[in-house]
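First comes the structure, then the notes that go with it.
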Amino acid sequence: MIVLLLFLVPLIGGLLSFFLKNDRTVRSWALLISFFTLGLAIAGNGLVKNADALSFSASWLGTLNSNFALQLDGLSQILCLLTGIAYPVILISTWNSTYRKPNNFFGLMLLAQAGLIGVFTSIDALAF
């Protein structure tokens with residue numbers, strides 16, 4: 017379940033960022049979501065030893081016999097942890113920059129984080 021949250025938190029947070037209008041609010045929201053994702057990556061990297069919590073599989077595209085399957089194992093744990101560390105650093109480093117549409121920038125940053133985590137944890141070729 018942790019791996020699913022690790023993917024969904026930045027995805028949903030990024031989608032919600034597009035609806036925030038205040039510059040300061042959207043920056044704080046993106047930073048909060050990225051720190052929460054970092055916490056999930058830390059939990060998935062060492063705190064949780066239950067294999068069921070580190071994998072998720074659901075039927076997807078039944079005609080092709082494909083599953084939406086995510087799993088934190090070995091290299092994916094390290095890459096997700098590095099992604100979780102990098103994004104708060106990136107968001108803090110862009111804190112004083114001005115953007116014409118900050119909600120778009122920070123929303124796309126969170127969606128990119130979700131995409132990276134999805135690629136690192138995917139164990140099905142079609143989901144990849």
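Taking the working numbering, the leading residue of the sequence shown gets 17, the next gets one more, and so forth.
The beta carbon of each residue, even a glycine, is placed where N, CA and C say it ideally should be.
Ordered along the chain, which non-local residues of its own chain (more than five positions away) have a Cβ less than 6 Å from that of residue i?
i	result
L27	A130
L127	G30
A74	F84
Using the DSSP secondary-structure output, state which residues sit across from residue i in a beta bridge.
i	result
F23	DSSP lists no partner for F23.
N83	S75
S138	L86
Taking C-beta to C-beta, are residue i and residue j nearer than 9 Å?
i	j	result
F51	P118	no
A57	T99	yes
Considering only residues of the same chain and omitting the five flanking positions on each side of residue i, which have a CB-CB separation below 8 Å?
i	result
L107	R43, A46, L47, S50, F122, M125
T137	V19, L22, F23, L86, Q87, L88, S92, C96
I94	N61
A59	I18
Using the Cα positions of residue i and residue j, report the straight-line distance between them to the nearest angstrom.
i	j	result
L31	V25	10 Å
M17	A69	5 Å
I101	S33	20 Å
R116	F84	36 Å
L132	K65	23 Å
T53	L63	14 Å
A67	T79	28 Å
S71	G90	12 Å
D39	G55	25 Å
Can you list, in chain order, the residues of its chain whose CB lies under 7 Å from that of residue i, leaving out five sequence neighbours each side?
i	result
L36	V42, W45, N119
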